[in-house]
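Notes to accompany the following structure.
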Amino acid sequence: MSGGPVPSALSPRLATGAFLLVDKPRGPSSHQVTAWVRDLLGIERAGHAGTLDPNVSGLLWIGVGPALKLIPLVLEFPKRYAGAMVLHGAPPPKELARVLAEFEAPIYQTPPVRSAVKRERRVRTIYHLRLLETDGPRLLLDVTADSGTYIRSLAVDIGEALGIGGNLVELRRIGTGPFDERRSITLTTLADAVQAARAGAPGALEAALHPMEEVWEEFPRLVLKDSAASAVAHGSNLAAGGILGAPSRAFSKDARVVLVTRSGELVATGTALFDSREFTSVRHGWVVDSDRVFADAAKFPVLWQTPRSRPRPTDTRGPGAADVI
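Residues 1 to 325 (full-length UniProt numbering) make up the sequence shown, in order.
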């Protein structure tokens, strides 16, 4: 884009890292919407987490700058959808309620033939499945499920369980983890905010660019000692005795945790090797298996004597789950 302030002048968050909650319309692909946002902001790269098919509308999380590294965390959040399905018959009302209740559980799914991921049977949990309204054979459902759940396949399975068949006819994502559609912004509104920022009124654009902390604050947080922060930033796991004080909240073994400096800067994420009750009493060995480093190692002096570091973790995103352009 030519003319007006450079991107970093539009908002400092474009350089330090931020994300947008975009209301994707039906029609364009998630990749196209992300490209439009990138070009609108005049930045080099943007990426989305949780691809929506072209004919699906709703909340699309788009990261810019350093926030691109948050994509694996956002992919872990459950997703919430409003979906309309049509039954191919008329089930008794009590039977419909019973079947829907049975699907509120871990279920098996196989990705559709057109899916970008390998077609292997896998388990996905349906946390919440509610019937909002009916209109003849048409049902409106409210579904909260694991990331990667195929809602179209779920609708077909519900129809089969009822013995009459059914299919999804419309779908909208209304939530991703702690973020819901009420906080989203349309592409038109974003374009207006960018134009206002270029004219010297950045307020609307600032409101649309959410700070990175809103993502990682959803996870249990461990504050690191300076020496531990340096070791983790250079690729090490977190060793016992490396944290200051108690964890920010209780967590179980194998939970996702975030590791931050005493000033609150995100260093890395990882998997807890003990639950929060045992954590502070462990005296030797690793306590967190760090899997993704966010901090710039060059900013951390080497403060440990005999590092036992490992290669930097690689991006473990599956194909089709996210897109960076």
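The C-beta atom is built at its ideal place from N, Cα and C for all residues, glycine as well. Note that the structure is a prediction, hence the values are computed from the model and not measured.
Along the beta strand (DSSP E) that carries residue i, what are the first and last residues, could you check?
| i | result |
| --- | --- |
| D291 | W286 to V293 |
| residue 405 | An answer regarding residue 405 cannot be provided, because it is not within the stretch 1 to 325 covered by the chain. |
| residue 328 | Residue 328 is absent from the structure shown; the chain starts at 1 and stops at 325. |
| L222 | R221 to V223 |
For residue i and residue j, I'd like the C-alpha separation in whole angstroms.
| i | j | result |
| --- | --- | --- |
| A82 | S184 | 16 Å |
| A161 | P106 | 15 Å |
| L21 | V215 | 12 Å |
| I151 | Q109 | 10 Å |
| I174 | A208 | 17 Å |
| P313 | L266 | Legend: pLDDT at P313 = 46, less than 50; position of this residue unreliable, no value from coordinates given. |
| P301 | G242 | 16 Å |
| V324 | P66 | 12 Å |
| N237 | V33 | 37 Å |
| V223 | A246 | 8 Å |
| F251 | T176 | 21 Å |
| T16 | K299 | 15 Å |
Restricting to Cα atoms, I'd like to know which of the options is closest to residue i.
| i | options | result |
| --- | --- | --- |
| R249 | D39, L238, S236 and F219 | F219 |
| I43 | S30, A246, G63 and G58 | G63 |
| L10 | G203, D289 and F294 | G203 |
| L40 | R80, T188, P93 and T271 | T188 |
| R38 | L100, G165, G285 and W61 | W61 |
| N167 | L140, P93 and A199 | L140 |
| L244 | S29, A229, R121 and A255 | A229 |
| G50 | A35, R262, R26 and E76 | E76 |
Which one or two residues does DSSP pair with residue i in a beta bridge?
| i | result |
| --- | --- |
| K94 | DSSP output for K94 lists no bridge partner at all. |
| T271 | R256 and D289 |
| M85 | L139 and L168 |
| V123 | Y108 |
| F19 | G63 and H210 |
| R130 | D142 |
| I243 | L224 |
| G27 | The partner list for G27 (beta bridge, DSSP) is empty, contrary to what the question assumes. |
| L10 | L10 is not bridged to any residue. |
In the DSSP assignment, find the alpha helix (DSSP H) that holds residue i and state where it starts and stops.
| i | result |
| --- | --- |
| I158 | I151 to L162 |
| F279 | S276 to F279 |
| S227 | D226 to A233 |
| L41 | S30 to L41 |
| L73 | I71 to E76 |
If you measure from the CB of residue i, is any heavy atom of the ligand SAH nearer than 8 Å?
| i | result |
| --- | --- |
| H48 | Summarising the ligand content, the structure contains no ligands, and the ligand SAH is consequently not present. |
Point to revise | Residue ranges of each beta strand (DSSP E) within the stretch 163 to 219, 3 or longer | key: 166 to 176
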